[in-house]
Amino acid sequence: MVAQSAAEAITYPAVGAALDIEHVSHAFDIDGVALPVLEDVNLVIEPGEFVALLGPSGCGKSTLLRLVAGLERPDTGVLRENDDRITGPHPSRVVVFQDPTLFPWRSVWDNVALGLEAQGILKRHRPRVDAALDLVGLAAFRNAYPHQLSGGMAQRVALARALVNDPKILILDEPLGKLDSLTRITMQAELVALWQRKGFTTLLVTHDAEEALFLANRVIVLSDRPARVKADIVVQRPYPRHRGDPYLADLRKQILGLLGLDATW
Amino acid sequence: MSTYSVSEVPAAAARRAAAPLGSDWVEKIRGSGYGVGLAASLAWSAFGFSCLYWEDLGDWSRTNSIGIGAFVIAAFVLFGTLGADFLGGAGLGLRRRAPWLVALGLFVTLWELATAKFAWLPLPFFPPPQAILEVYTDDLPKLLDSVFASVKLQLGGYIIGATVGFLTGVSIGWSRSVGYWVHPVLRFIGPLPATAWLPIAFFTFPSSWSASTFLIALATGFPVTVLTWSGVASVSSAYYDVARTLGAKPSFLVLKVAIPAALPHVFVGLFMGLGSSFAVLVVAEMIGVKAGLGWYLQWAQGWAAYANMYAALIVMSLLCSGAITLLFKTRDRLLVWQKGVVKW
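So the sequences go chain by chain: A and B.
Residue numbers are given in our numbering: position 71 of the first sequence equals residue 111, and the series is strictly consecutive.
Residue numbers are given in our numbering: position 216 of the second sequence equals residue 243, and the series is strictly consecutive.
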């Protein structure tokens, strides 16, 4: 699915950024009652790592991602991208959300061009849009509207819309969560291939242990709300990985145990 | 020979195979829609006949012309029906509208008989078709002047109202502080029918034309404001999140996210505004403005010229429905991305 030739046509700075999360706590205000969602989260992510955040549903994973993206400011603690404090959104940290959230009034090409247009550099960088569409294998759909795409195609467009900005950190908020299982498997392989080629740092939120182990070289297990780091597991397996790998199955059992789900094994 | 639509082909073929030789042409008429076309031609011939056969009860100068005109229409329908296969799109259009042509032909025949020929409906309140034709031929300059005046007034007020309403709606939807000040004013003044301002408007404004423009703008502006506002306010925050992480500045968020996302709502507002501004236009013309179709109606009533009233009403209805069609066409063009998402 991933077109090799187009990627070679344009050189990307294949350097991810480091991400430091220091003593971050955050609470939501619900009808005047403070609901803590993150409690003293500490995490150091090296440039180019693929880190999966795994935790029970509603534990605050997505909140952590919003803080990393700069969409919200933490109550306490500091987040840093390469020693620069994160104070707001920046195109070097791009999010792919669970829903593709393509703009329905824009064609596929215009959706992918969104970031470059917003930064006012589209005129000089139009080929980057075409290259990003080639990269996700949707060049033929450049003039289609979002309502004409399938779920998997829409999510690919969302991925291209993120990648066109050459992000240093790619933030993935359960991007494959709503896809059917076959599309999911295909896109997991595509994600790994993209990450290996580009070298951006990747932060993936998921509640699927198998997906985390298949994709990431580090899996962070978070506790129930308020989320704390419960375990930091390094996955020492080369890519491409195999789903039947007994080493991964072992880790999976261990992780499910941490999440209190070992009874289902 | 005749053009069948795809779904009809097997059925028609089966019918043709089953039909005995003699009834072949009957089947053909029934199967291809010739029958309705012929009926339409007959209905219009009946109208022509009804005009020419009996004597008029009143004094109308266009009876013969309208009768001949009816026969001309009947002939056109007849040849159009028989030659539909060679006329392409026009032939298909005629076939699709044939049932309506039948109904219209019967209606005008009945109208003719009920008024000019047998006076089942009291004259002069119910003028015959030839009287209305007479208005269009003999009073054309005055009618055209009125149309021009109405369109000018309506267009000016509508454009002002729609522009102001759109800008206000976007501002309220976007800015909390603008909303704080404008929202109460809107709630207080908006629901008031624009016609309630008539007496005040006509003595505060320097001319009746500017007063009417103001009222039409007011009638248009309120729905446009409210719907633009609700459109902007209901834009999913996920769109803003996406745009912000991609480096969008506030101006980009307004112009390239909020406004395009709100556009379907804006068009509902423009549609509603158009409807209420028509009402204000006619009332304003009847009361204060000395020109336009509303004024023409009023004038015709004053002279008991009932045919002129019907003639003006027909023109007015064509104009209003034309304006709405134009608005819908514009919307379909701008919101082409919506096909398959929302259907009105």
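Don't be surprised by glycine CBs; every beta carbon is placed ideally from N, CA and C.
Short CB-CB distance (under 8 Å) between residue i and chain B
i	result
A:F254	no
A:L111	yes
A:A47	At A:A47, the pLDDT of 37 sits below 50, so the modelled position is not reliable; the number obtained from the coordinates is stated separately. Not closer than 8 Å to any Cβ of chain B, the Cβ of A:A47 fails to qualify, so no.
Min CB distance residue i to chain A below 8 Å
i	result
B:K370	Here B:K370 scores only 41 on pLDDT, less than 50, and its place in the model should not be relied on; the value that follows carries that caveat. No - not a single Cβ of chain A is within 8 Å of the one on B:K370.
B:S32	Confidence at B:S32 is low in this model, with a pLDDT of 44, below 50, so its placement is unreliable and no value can be given for it.
B:G200	no
B:D112	no
B:A260	no
B:M28	Caution applies to B:M28, whose pLDDT of 36 falls short of 50 and renders its modelled position unreliable; the value that the coordinates give is listed next. No, no contact with chain A.
B:P151	no
B:V36	Caution is warranted here: a pLDDT of 44 is assigned to B:V36, below 50, making its placement in the model unreliable, and no coordinate value can be reported.
B:P287	yes
B:L354	no
B:R358	no
B:I351	no
Contact set between residue i and chain A, taken where Cβ atoms lie within less than 7 Å
i	result
B:L273	P131, V134, L154, G155, A158, N205
B:W364	P144, W145, Y185
B:F279	A158
Closer than 8 Å at the beta carbon, the chain A residues around residue i
i	result
B:A228	Near B:A228 there are no residues of chain A at all, since even the closest Cβ is about 39 Å away, more than 8 Å.
B:A270	L154, A158
Beta-carbon neighbours of residue i, restricted to chain A and to distances below 9 Å
i	result
B:A265	F137, D139, T141
Contact under 8 Å by Cβ, residue i with residue j
i	j	result
A:G192	A:L162	no
B:T252	B:G206	no
A:D115	A:H66	yes
A:L107	A:I260	no
B:G188	B:A270	no
A:V204	A:L234	no
B:A338	B:Y163	yes
A:L78	A:T103	yes
B:W322	B:S173	yes
B:F229	B:G315	yes
A:T241	A:G56	yes
A:A184	A:S221	no
B:G64	B:T108	yes
A:P129	A:G110	yes
A:L244	A:Q228	no
A:A179	A:L142	no
B:A311	B:L225	yes
A:V275	A:L291	yes
B:E139	B:S92	no
Any chain E beta carbon closer than 8 Å to residue i
i	result
A:D248	No chain E appears in this structure, whose protein chains are A and B.
Ignoring anything shorter than 3 residues, give me the beta strand (DSSP E) runs that lie fully in the region 264 to 295 of chain B, in order along the chain. Listed in chain order, nothing qualifies, since the region 264 to 295 of chain B has no complete beta strand (DSSP E) run of 3 or more residues.
Any alpha helix (DSSP H) of 4 or more consecutive residues that is wholly inside the region 173 to 225 of chain A: Fully enclosed alpha helix (DSSP H) runs of 4 or longer: 191 to 203.
At which residue ranges does the region 99 to 148 of chain A contain complete alpha helix (DSSP H) runs of 4 or more residues, listed in the order of the chain? DSSP runs (the alpha helix (DSSP H)) wholly in the region 99 to 148 of chain A: 101 to 109.
Evaluate contact between the region 63 to 73 of chain B and the region 94 to 105 of chain B, counting only Cβ atoms and requiring at least three cross-stretch pairs below 8 Å. Three or more Cβ pairs drawn from the region 63 to 73 of chain B and the region 94 to 105 of chain B lie within less than 8 Å of each other, which places the two stretches in contact.
For the region 83 to 99 of chain A against the region 167 to 178 of chain A, do three or more pairs of beta-carbon atoms, one drawn from each stretch, fall closer than 8 Å, so that the two count as touching? Contact between the region 83 to 99 of chain A and the region 167 to 178 of chain A is absent, because fewer than three Cβ pairs lie under 8 Å.
Tell me whether the region 210 to 228 of chain A and the region 130 to 142 of chain A touch, counting them as touching only if at least three CB pairs, one residue from each stretch, are closer than 8 Å. The answer is yes - the region 130 to 142 of chain A touches the region 210 to 228 of chain A, with three or more Cβ pairs under 8 Å.
Touching or not, the region 291 to 299 of chain B and the region 346 to 359 of chain B, by the rule of three or more beta carbon pairs under 8 Å? Cβ pair count under 8 Å is three or more, so yes.
For the region 324 to 338 of chain B against the region 158 to 175 of chain B, are there 3 or more C-beta pairs whose distance is under 8 Å? Pairwise C-beta distances place the region 324 to 338 of chain B in contact with the region 158 to 175 of chain B, as three or more of them are shorter than 8 Å.
Just list the alpha helix (DSSP H) runs in the region 157 to 218 of chain B, keeping only unbroken ones of 4 residues or longer that don't cross its boundaries, in chain order. DSSP assignment within the region 157 to 218 of chain B yields the following whole alpha helix (DSSP H) runs of 4 residues or more, N-terminal first: 167 to 201, 203 to 216.
Just list the alpha helix (DSSP H) runs in the region 63 to 134 of chain B, keeping only unbroken ones of 4 residues or longer that don't cross its boundaries, in chain order. Within the region 63 to 134 of chain B, the complete alpha helix (DSSP H) segments of 4 residues or longer fall at 90 to 109, listed in chain order.
Do the region 301 to 310 of chain B and the region 272 to 285 of chain B meet, that is, are 3 or more Cβ pairs less than 8 Å apart? No, the region 301 to 310 of chain B is not in contact with the region 272 to 285 of chain B.
Enumerated in chain order, which unbroken segments of the beta strand (DSSP E) with a length of 3 residues or greater are wholly contained in the region 252 to 295 of chain A? Within the region 252 to 295 of chain A, the complete beta strand (DSSP E) runs of at least 3 residues are 258 to 262, 269 to 274.
Quick check: the region 268 to 280 of chain A against the region 68 to 85 of chain A, are there 3 or more CB pairs under 8 Å? Three or more beta-carbon pairs drawn from the region 268 to 280 of chain A and the region 68 to 85 of chain A are found closer than 8 Å, and the two stretches are therefore classed as touching.
Inspect the CB distances between the region 137 to 152 of chain B and the region 77 to 87 of chain B and report whether three or more fall short of 8 Å. Short answer: they touch.
Taking contact to mean 3 or more Cβ pairs, one atom from each stretch, closer than 8 Å, check whether the region 110 to 118 of chain B and the region 174 to 186 of chain B are in contact. Segments in contact, no.
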